[in-house]
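> Quick one: the structure is below, questions incoming.
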Amino acid sequence: MLNEEHEALRESVREFARDVVAPVIAKHYDDHTFPYDIVAAMGKMGLFGLPFAEEYGGMGGDYFALCLALEEIARVDSSVAITLEAAVSLGAMPIYRFGTEEQKRRWLPPLLSGEALAGFGLTEPGFGSDAGGTATRAVLDGDEWVINGAKAFITNSGTDITSFVTVTAVTGTRPDGGKELSTIIVPSGTPGFTVAPGYSKVGWCASDTHELSFEDVRVPAENLLGERGRGFAQFLRILDEGRIAIAALAVGLSQGCVDESLRYAQERHAFGQPIAGFQAIQFKIADMEKRAHLSRLAYHDAAAEMLAGRDFKRRAAIAKLYATESAVDNAREATQIHGGYGFMNEFPVARFWRDSKILEIGEGTSEIQRLVIARDLGIA
Amino acid sequence: MNIVVLVKQVPDSGSERGLAGDNTVERQSANNVINEMDEYAIEEALRIQAAEGGEVTILTMGPERAAESIRKALSMGPDKAVHVIDDALHGSCALSTSKVLAAALGTLNPDLVIAGAESTDGRVQVMPHMIAERLGIAALTGARKLTVDGGTLTIERQTEEGYEVVTAATPAVVSVWDTINEPRYPSFKGIMAAKKKPVQTLALADLGIEAGEVGFAGASSEVVEHAKRPPRQGGQKVADDGNGGAALVEFLSSEKFV
Ligand SMILES: Cc1cc2nc3c(=O)[nH]c(=O)nc-3n(C[C@H](O)[C@H](O)[C@H](O)COP(=O)(O)OP(=O)(O)OC[C@H]3O[C@@H](n4cnc5c(N)ncnc54)[C@H](O)[C@@H]3O)c2cc1C
Ligand SMILES: Cc1cc2nc3c(=O)[nH]c(=O)nc-3n(C[C@H](O)[C@H](O)[C@H](O)COP(=O)(O)OP(=O)(O)OC[C@H]3O[C@@H](n4cnc5c(N)ncnc54)[C@H](O)[C@@H]3O)c2cc1C
Numbered sequence: 009m010l011n012e013e014h015e016a017l018r019e020s021v022r023e024f025a026r027d028v029v030a031p032v033i034a035k036h037y038d039d040h041t042f043p044y045d046i047v048a049a050m051g052k053m054g055l056f057g058l059p060f061a062e063e064y065g066g067m068g069g070d071y072f073a074l075c076l077a078l079e080e081i082a083r084v085d086s087s088v089a090i091t092l093e094a095a096v097s098l099g100a101m102p103i104y105r106f107g108t109e110e111q112k113r114r115w116l117p118p119l120l121s122g123e124a125l126a127g128f129g130l131t132e133p134g135f136g137s138d139a140g141g142t143a144t145r146a147v148l149d150g151d152e153w154v155i156n157g158a159k160a161f162i163t164n165s166g167t168d169i170t171s172f173v174t175v176t177a178v179t180g181t182r183p184d185g186g187k188e189l190s191t192i193i194v195p196s197g198t199p200g201f202t203v204a205p206g207y208s209k210v211g212w213c214a215s216d217t218h219e220l221s222f223e224d225v226r227v228p229a230e231n232l233l234g235e236r237g238r239g240f241a242q243f244l245r246i247l248d249e250g251r252i253a254i255a256a257l258a259v260g261l262s263q264g265c266v267d268e269s270l271r272y273a274q275e276r277h278a279f280g281q282p283i284a285g286f287q288a289i290q291f292k293i294a295d296m297e298k299r300a301h302l303s304r305l306a307y308h309d310a311a312a313e314m315l316a317g318r319d320f321k322r323r324a325a326i327a328k329l330y331a332t333e334s335a336v337d338n339a340r341e342a343t344q345i346h347g348g349y350g351f352m353n354e355f356p357v358a359r360f361w362r363d364s365k366i367l368e369i370g371e372g373t374s375e376i377q378r379l380v381i382a383r384d385l386g387i388a
Numbered sequence: 244m245n246i247v248v249l250v251k252q253v254p255d256s257g258s259e260r261g262l263a264g265d266n267t268v269e270r271q272s273a274n275n276v277i278n279e280m281d282e283y284a285i286e287e288a289l290r291i292q293a294a295e296g297g298e299v300t301i302l303t304m305g306p307e308r309a310a311e312s313i314r315k316a317l318s319m320g321p322d323k324a325v326h327v328i329d330d331a332l333h334g335s336c337a338l339s340t341s342k343v344l345a346a347a348l349g350t351l352n353p354d355l356v357i358a359g360a361e362s363t364d365g366r367v368q369v370m371p372h373m374i375a376e377r378l379g380i381a382a383l384t385g386a387r388k389l390t391v392d393g394g395t396l397t398i399e400r401q402t403e404e405g406y407e408v409v410t411a412a413t414p415a416v417v418s419v420w421d422t423i424n425e426p427r428y429p430s431f432k433g434i435m436a437a438k439k440k441p442v443q444t445l446a447l448a449d450l451g452i453e454a455g456e457v458g459f460a461g462a463s464s465e466v467v468e469h470a471k472r473p474p475r476q477g478g479q480k481v482a483d484d485g486n487g488g489a490a491l492v493e494f495l496s497s498e499k500f501v
């Protein structure tokens, strides 16, 4: 399925991950620092602009190209991969898909070059999966929106180069009595918009995640993204696509576990032979490779459906579900193969293990993926 | 400025390499890449082009598979490429390689030729000098820094003790070390654009060179025999039973480290 250009891109990103990310990421992870240098280098390579048209500073590639890049980076490190994933599919993509021409021209170029980052604030302290529970409110006062509320776990929302966060908010009541949801662009530094200090996370320690609060935050009326009342439909589309990207990221982690295990099993000796000589270890690695491979096929398939303009909801959910659960399995097995060293933070597999669990939670939990699939099958 | 960058495809120095039955580098089964130093040469050319304008051309002599490396080189940004390809080239020595590359350069009229200081397979480090000699132009070799001021080139030539400042007028050949810059990674836009860039292929006949002058037939030197590098010695273990420090110093001094 990979054509020549996709293959060349994969190779280029693989070298980048090996030469630029791998040597420094463990230190960022330990110190909980955001890798600005790596972000700048990814920007230069055009990774933030991959699936966007050239007229806004994009690379003119497609969503599949983004997924390939995510896979190759996650094969080395997931903090960097999620930073790229969130920047593109949660930060820039909503503007690209739903913004007015003026909004696109104003906000996209610095995001697509990687000079700026944006976040997407959907989750709140009180709800996540149940997106209808949004409590953040926005009221139109003259030609300004006045926003009050809070958001939780928002990626890329508090870096030195974050330029805005797109937030979902209740802007009224629908004719059927339900909440009217809209999305609004809130520039960083707007008075009343406070970014809490970064969370202490189990994994993704070199990525940027914050709780946000909004107290009488005023932004111009034209910061409304797309149509008023379309918020729900907008983020559903964004999340559907995002699932393919998260699946790709999970494949990278799964494959990274295979890479590390293959190497270690041939070097480490026990009972007079490399542990790779034990069938118990061989079978573990064979299963890991199987899971990585099938996960890859699943996301390639979902991406192909999406790019063909067909309904890809079910396939995206299947890819996300299978790839992320496989990633958790692979990380657990890779750690097991590394024995005690696998429990030491200096080994990449320890990082993979800590980074794997969130994949089953973020951008729709495994339960929600099963719900999406069951709904699509007409039984939920 | 019209710049030509010499790019050689070599087996990846990070993976298993060897010689084929005829004592030439095994290229068929190898994982082939752009010679590492040549990526720095390309980067340097692109930086000069960004400042001075002009055109950057890739020149490669190599078998059919070298086309992959040419595409990759083009995806970094150069405008076009020339690929010298001819079955009779197999087994060429450094002298005949320089003859072919010089002839191809003759058709391109460069103001500046940039090469890597060394390839990771042949490693003879003489290609830039030989080419300059054949073209009758200056050779500024082993640069860690290159500045262009109109028609004057200045390099800092890296030496073991420090560096020497050397200047020459264009046209000239400059060879570079990996200390000179940080090569870019191809972007997707660059990869897409590379597909459409012209790659001209030239055979020996196009360069007015006879098959007998190059390859095994014309080789001035020949690899007659080769052997694998002997495996590393086991090393010496020093057990610290009170006099470990002294034993260590003794070992270091016996190896002339202290
Ligand atoms: C590091 C990190 C980064 C994040 N980045 C972002 C971001 O950039 N933007 C953003 O908006 N959000 C972000 N999130 C939030 C993430 O998307 C949510 O945590 C996730 O959607 C789950 O929501 P929740 O935490 O509220 O869990 P809940 O929804 O409270 O779920 C708790 C449990 O109940 C289960 N559950 C809920 N409903 C059902 C049901 N109907 N049937 C069966 N089981 C159910 C869930 O599957 C889960 O197991 C991030 C989270 C983390 C940890
Ligand atoms: C084990 C071994 C031993 C050898 N011994 C000898 C020997 O004793 N005498 C001898 O004459 N030859 C010898 N050769 C062959 C010689 O290495 C090759 O003929 C080769 O063409 C010379 O180039 P190099 O890569 O060593 O050049 P270098 O001078 O190391 O290369 C410097 C730069 O020149 C450019 N360049 C080199 N080759 C090309 C090319 N084909 N296309 C484009 N640009 C290029 C690149 O920019 C490169 O970075 C040997 C080869 C091997 C494998």
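Top line first, the protein sequences correspond to chains A and B. The first sequence lines up with residues 9 to 388 when you count with the working numbering. The second sequence lines up with residues 244 to 501 when you count with the working numbering. Using N, Cα and C, we set each Cβ at its ideal position, and we do this for glycine too.
1) Assuming residue 370 (chain B) and residue 358 (chain B) are in contact, meaning their beta carbons sit under 8 Å apart, how far apart are those beta carbons, in whole angstroms?
2) What are the residues in the stretch 403 to 435 of chain B lying within 9 Å of chain A by C-beta distance?
3) To the nearest angstrom, how far is the alpha carbon of residue 244 (chain A) from that of residue 190 (chain A)?
4) Taking 7 Å as the cut-off, does the CB of residue 353 (chain A) come closer than this to any heavy atom belonging to ligand 2?
5) Applying a beta-carbon distance threshold of less than 8 Å, which residues of chain A neighbour residue 480 (chain B)?
6) Count the C-beta pairs between the stretch 275 to 291 of chain A and the stretch 356 to 367 of chain A that are closer than 8 Å, then say yes if the count reaches three, no if not.
7) Are there any heavy atoms of ligand 1 lying less than 7 Å away from the beta-carbon of residue 201 (chain A), as far as the coordinates show?
8) With residue 315 (chain B) as the anchor, note down where its alpha helix (DSSP H) starts and where it stops.
9) Should residue 361 (chain A) be listed as close to ligand 1, given that the test is whether its C-beta is under 7 Å from any heavy atom?
10) To the nearest whole angstrom, what separates the beta carbons of residue 194 (chain A) and residue 166 (chain A), a pair I think is in contact under 8 Å?
11) Closer than 8 Å, CB to CB, is residue 312 (chain B) near chain A or not?
12) Quick one: residues in its chain with C-beta nearer than 6 Å to the C-beta of residue 401 (chain B), no 5 flanking neighbours on either side, listed in chain order?
13) Out of curiosity, what's the CA-to-CA distance linking residue 336 (chain A) and residue 361 (chain A)?
14) Ignore the nearest five residues each way along the sequence and tell me which others in residue 354 (chain B)'s own chain have a CB closer than 6 Å to its CB.
15) On the three-state DSSP scale, how would you describe residue 338 (chain A)?
16) Mind listing the chain B neighbours of residue 379 (chain A)? Cutoff is C-beta to C-beta under 8 Å, in chain order.
17) Could you give the distance in angstroms between the alpha-carbon of residue 260 (chain A) and the alpha-carbon of residue 92 (chain A)?
18) Who are the neighbours of residue 121 (chain A) on chain B, taking C-beta pairs under 8 Å?
19) Starting from residue 326 (chain B), follow the beta strand (DSSP E) in both directions and report where the run begins and ends.
20) Check whether chain B comes within 8 Å of residue 67 (chain A), counting only Cβ atoms and requiring the distance to be less than that.
21) At a cut-off of 7 Å, would you count residue 94 (chain A) as near ligand 1, judging by its Cβ distance to the nearest heavy atom?
22) Residue 318 (chain B) touches chain A at which residues, Cβ-Cβ below 7 Å?
23) Short of 7 Å in beta carbon distance, which residues of its chain neighbour residue 57 (chain A), apart from the five on each side in sequence? Order them along the chain.
24) Mind the definition here: the stretch 254 to 270 of chain A touches the stretch 298 to 308 of chain A only if three or more C-beta pairs lie below 8 Å; say whether that holds.
25) Going by the C-beta, is residue 368 (chain B) closer than 7 Å to any heavy atom of ligand 2?
26) Whose C-alpha, out of B:250, B:395 and B:470, is nearest the C-alpha of residue 277 (chain B)?
27) Within a Cβ cutoff of 7 Å, which residues of the same chain sit near residue 22 (chain A), ignoring the five residues on either side of it in sequence?
28) Say the cut is 7 Å; is the CB of residue 128 (chain A) nearer than that to a heavy atom of ligand 1?
29) Does the beta-carbon of residue 364 (chain B), which I'm using as the reference point, lie nearer than 7 Å to any heavy atom of ligand 2?
30) By the three-class DSSP mapping on this structure, what secondary structure does residue 275 (chain B) have?
31) Straight-line CA distance for residue 40 (chain A) to residue 72 (chain A)?
32) Does the stretch 270 to 285 of chain B come close enough to the stretch 324 to 342 of chain B to have 3 or more Cβ pairs within less than 8 Å?
33) Just to confirm my understanding: we take residue 426 (chain B), look at its own chain, exclude 5 residues before and 5 after, and list those with CB closer than 6 Å. What are they?
34) For residue 467 (chain B), name the three-state secondary structure that DSSP assigns.
35) Leaving out five residues on either side along the sequence, give the residues of the same chain with a beta carbon under 6 Å from the beta carbon of residue 226 (chain A).
36) For ligand 2, any of its heavy atoms closer than 7 Å to the Cβ of residue 312 (chain B)?
Walking through what the data contain:
1) 6 Å
2) 427, 428, 429, 430, 431, 432, 433, 434 and 435
3) Cα to Cα, residue 244 (chain A) sits roughly 12 Å from residue 190 (chain A).
4) no
5) Simply none; closest approach about 17 Å.
6) no
7) no
8) 309 to 318
9) Not under cutoff, so the answer is no.
10) About 13 Å separates the two Cβ atoms, so there is no contact after all.
11) Not one chain A Cβ lies under 8 Å of residue 312 (chain B).
12) 385, 387 and 420
13) 7 Å
14) 244, 245, 413 and 414
15) helix
16) Result: empty, since nearest Cβ-Cβ is about 35 Å, beyond 8 Å.
17) 14 Å
18) Within 8 Å Cβ-Cβ: nothing; residue 121 (chain A) doesn't reach chain B, min ~11 Å.
19) 323 to 327
20) yes
21) yes
22) 16
23) Closer than 7 Å at the Cβ level, and outside the excluded window around residue 57 (chain A), lie 65, 66, 67, 120 and 121.
24) yes
25) yes
26) B:250
27) 80
28) yes
29) yes
30) strand
31) 30 Å
32) no
33) Excluding residues within five positions, the ones whose Cβ falls inside 6 Å are 282, 283 and 286.
34) coil
35) 152 and 154
36) no
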